[in-house]
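To start, the structure under review is shown below, and the notes come after it.
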Amino acid sequence: MNQPKIKRDPEGTRRRILLAAADEFAAGGLFGARVDQIARRAETNERMLYYYFGSKEQLFTAVLEHAFGALVDTERSLDLDGIAPVEAMTRLAHFVWDYYRDHPELLRLINNENLHEARYIKGSTRIRELISPVVATLAGILERGAKAGLFRNDVDPLKFYVTLSGLGYYIVSNRFTLEATFGLDFSQADQRGDMVRMNTELLLAYLMRK
Numbered sequence: 515m516n517q518p519k520i521k522r523d524p525e526g527t528r529r530r531i532l533l534a535a536a537d538e539f540a541a542g543g544l545f546g547a548r549v550d551q552i553a554r555r556a557e558t559n560e561r562m563l564y565y566y567f568g569s570k571e572q573l574f575t576a577v578l579e580h581a582f583g584a585l586v587d588t589e590r591s592l593d594l595d596g597i598a599p600v601e602a603m604t605r606l607a608h609f610v611w612d613y614y615r616d617h618p619e620l621l622r623l624i625n626n627e628n629l630h631e632a633r634y635i636k637g638s639t640r641i642r643e644l645i646s647p648v649v650a651t652l653a654g655i656l657e658r659g660a661k662a663g664l665f666r667n668d669v670d671p672l673k674f675y676v677t678l679s680g681l682g683y684y685i686v687s688n689r690f691t692l693e694a695t696f697g698l699d700f701s702q703a704d705q706r707g708d709m710v711r712m713n714t715e716l717l718l719a720y721l722m723r724k
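For the sequence shown, the positions run 515 to 724 when our numbering is used.
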């Protein structure tokens, strides 16, 4: 009697491993994550994990590439053309901060990679080729604002993006220590709303021409 053929789904298996690894690495970092637990969560075995990714370190790099790729893909959906510069800058900032709020696992992965002094990002050609569309969008808003006489004209887009990013990054990546030390829980809507308003005013106060 012929046995039914088992339908193979290599892309599905690879994706399950990647998503399971993302959760494990976000929770325990590169060294804390266990290969057997990743395989179990992906409903496969360790042999398949090594078959698709080669090593635990290469899997960690693939997770970083996937996380940064997802961020860039989401950024490409942002359309601020035709919106007044002040409103456009406000929307862009809130877009970035909301992404961090909704994807804390990205920040945990970045924090862990900083412990490794960006060793795996430096080794990834793909990540280094992922140029954030938001930086180009921000540069366009700055140019429009300066031409309209609203914004100062000496703002470096990349450095401004780093500043903007840091304002949203910090209260997510340090949420637990901030709550433990200051009693402020920035996962609560009212607390986060206060910070968003303050950070928005800080950005615009710097940008606006005196």
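Even for Gly, the Cβ is constructed at its ideal location relative to N, Cα and C.
Fair warning: this is a prediction, and the values are worked out from it, not measured in the lab.
For F696, three-class secondary structure by DSSP = helix
Expressed to the nearest angstrom, what Euclidean distance is found between the alpha-carbon atoms of H608 and R561?
-> 43 Å
Sequence-distant residues of its chain with Cβ nearer than 6 Å to M603 (five each side left out) | I655
For P599, the nearest candidate out of K673, G663 and G546 (CA to CA) = G663
Give every residue of the same chain whose Cβ lies closer than 6 Å to the Cβ of F582, excluding the five residues on either side of it in the sequence, and list them in chain order.
-> I641 and L644
Could you tell me which residues DSSP pairs with F690 in its beta bridges?
-> Bridge partners of F690: none, in fact.
Can you name, in chain order, every residue of its own chain whose Cβ lies under 8 Å from the Cβ of K519, other than the five neighbours on each side?
-> Confidence at K519 is low in this model, with a pLDDT of 41, below 50, so the placement of that residue should be treated as unreliable; the coordinate-derived value is given next. Within the same chain, K519 has no close Cβ partners at all.
Would you report the Cα separation of R590 and F674, rounded to the nearest angstrom?
-> 19 Å
Pick out whichever of G596, A535, A632 and L592 has its Cα sitting closest to the Cα of E557.
-> A535
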